[in-house]
Amino acid sequence: MTPLDYSKRTYGLDIFRAVAIILVVHGHASYMLDYTFLSGLPWIKLIDGVEFFFVLSGFLIGTILIKEVVKSDFKFSSSQLYTFWKRRWFRTLPNYYLILFANYLVVLFGIIPGDISQFNWKFLFFLHNFSGPFYDFFWESWSLSIEEWFYIFLPFLLLLLLKLLPSRKGILTVIIIMLVVPLLYRFAHADLVLDDFWRDVTFRKVVLMRLDAIVYGVLAAYIKFYYLDHWKKYARPLFIWGIILALTIPYFNFPNCFSNTLGFNLVAISATLLLPLADGYKSFKTNVGKAVTHISLISYSMYLINLGLVSMVIGTNFPIQENATDGLVKYGIYWVIVIVVSSFIFKYFELPFTSLRDKKFFK
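For the sequence shown, UniProt numbering gives the first residue as 1, with consecutive numbering after it.
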């Protein structure tokens, strides 16, 4: 197994990813703190950590693809498409199928509540929330479907459009298409009046509704590549505006029509504005820096296991007692389990499969 080269990592983006996963993991276990002194503190609301993941993923993938396209004189071949998909899927699919199977088992044997009938072949191909809602089984898989379909649509559109527009205009056209189409799809359903739960699973967690969330990161990659001076010059003011938006959006009571359409754009924009400053923070060689980088590296495994396999297992089988210490202890145990198990999966499962993508057999 080839060791990863950490010297090329951007520490600011590791912080970005670490903050995102910390927000997600905390959010899935915040109920454990209901009877502790922490519940009385004035917690600051933030946008969901998954939105940070979306934008960061788009930025990283966009950077890779834009460099590849420009290097190839604005051509994107079927062999390049294969290589891209191969590298992505060796990175994402093994963990997904492992945890999908684990979720099936814990629901099947009644370890956590869930509707086993919801599990079907669609989960194998990320179709369970492609155009409509799903719920009550492997909840966190919603965002993985959006990511995987983004990996399919973006490079495939590049393959097609660059044949017609073999220039930077072709790249920008693909970005615009992928920003506009999901927004139009949301507008087509904007008049639906739903409670918070159904709005969440019908709009926020459906692939066709949310692909644009990741594409804002691709737009950021495009701006960095072609307007690097502006990217660096305005990094600090953009970061400040991004923080202001991230801190204030959760407090706005937008009307349904706005929340179901442009509200999602506003969330994505707030996360995107943070990228230039994060991208400029290249290294931080201390133990704290190493810890942040480690959390960033294991974040995919943390995301997959924290809800169904840890939080719900604890909450279902070891109910939180109404006293100050029980919730704190279980919250601490929850974090330890998530980090230890995720580190194990990353080292002994995720990395070995990722290394296979460079084997001669798959070239």
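Note that beta-carbon positions come from the ideal geometry of N, C-alpha and C, so glycine has one too.
In this text the structure is predicted, and so the values were computed from the model without any measurement.
Segment limits, alpha helix (DSSP H) that includes residue i
i, result
"His28", "Taken as a continuous stretch (DSSP letters only), His28 belongs to no alpha helix (DSSP H), as it is neither H nor E."
"Ala291", "287-297"
"Gly62", "49-71"
"Ile171", "168-188"
"Asn323", "Element bounds for Asn323: n/a, residue is neither H nor E."
"Asp196", "196-199"
"Leu351", "351-356"
"Thr316", "312-317"
Rounded separation between residue i and residue j - CA only
i, j, result
"Gly217", "Arg236", "18 Å"
"Phe353", "Leu297", "15 Å"
"Gly327", "Lys45", "21 Å"
"Phe59", "Trp121", "31 Å"
"Ala190", "Asn256", "7 Å"
"Leu158", "Met178", "11 Å"
"residue 369", "Asn260", "No information on residue 369 is available, as it lies outside the stretch 1 to 363 that the chain covers here."
"Phe126", "Tyr303", "17 Å"
"Val288", "Ile152", "36 Å"
"His28", "Ile333", "14 Å"
"Lys71", "Thr36", "56 Å"
"Ser117", "Met32", "29 Å"
"His230", "Leu238", "11 Å"
"Phe84", "Phe156", "10 Å"
"Thr286", "Ser78", "43 Å"
"Ala246", "Tyr348", "36 Å"
"Tyr234", "Pro276", "8 Å"
"Trp335", "Asn306", "9 Å"
"Pro94", "Glu140", "16 Å"
"Phe101", "Tyr135", "17 Å"
"Asp279", "Thr10", "7 Å"
"Lys163", "Arg204", "33 Å"
"Ala291", "Ile15", "10 Å"
"Ile243", "Phe252", "15 Å"
"Tyr104", "Tyr226", "46 Å"
"residue 368", "Leu38", "Residue 368 is absent from the model: the chain starts at 1 and stops at 363."
"Gln80", "Arg87", "11 Å"
"Tyr185", "Phe254", "19 Å"
"Trp89", "Ser355", "12 Å"
"Ile66", "Leu154", "11 Å"
"Pro319", "Trp198", "27 Å"
"Ser149", "Val267", "It is worth fixing the name first, because residue 149 is Trp in this sequence and not Ser. In a straight line, the C-alpha of Trp149 is about 20 Å away from that of Val267."
"Val19", "Gly263", "22 Å"
"Asp48", "Arg210", "14 Å"
"Asn317", "Phe123", "26 Å"
"Val310", "Ile176", "39 Å"
"Leu108", "Ile99", "14 Å"
"Asn323", "Asp196", "30 Å"
"Ile214", "Tyr281", "22 Å"
Would you check if the region 141-150 and the region 118-133 touch, i.e. whether three or more CB-CB distances between them fall below 8 Å? yes
message = Which complete alpha helix (DSSP H) runs does the region 224-285 hold, if anything under 4 residues is left out?
response = 228-233, 235-248, 256-259, 262-272, 275-279
message = Pairs of beta-carbons, one from the region 46-65 and one from the region 20-27, closer than 8 Å: are there three or more?
response = yes
Legend entry - the region 216-235 contacting the region 271-279, beta-carbon criterion three pairs below 8 Å: yes
Discussion item. Going residue by residue through the region 76-151, where are the continuous alpha helix (DSSP H) segments of at least 4 residues, counting only ones entirely within it?
Written reply: 78-108
inquiry  = Check whether the region 183-200 and the region 109-123 are in contact - that is, three or more C-beta pairs closer than 8 Å.
reply    = no
Task: Cβ contact check for the region 337-345 and the region 298-305: 3 or more pairs under 8 Å - done: yes
Pairs of beta-carbons, one from the region 161-175 and one from the region 62-80, closer than 8 Å: are there three or more?
yes
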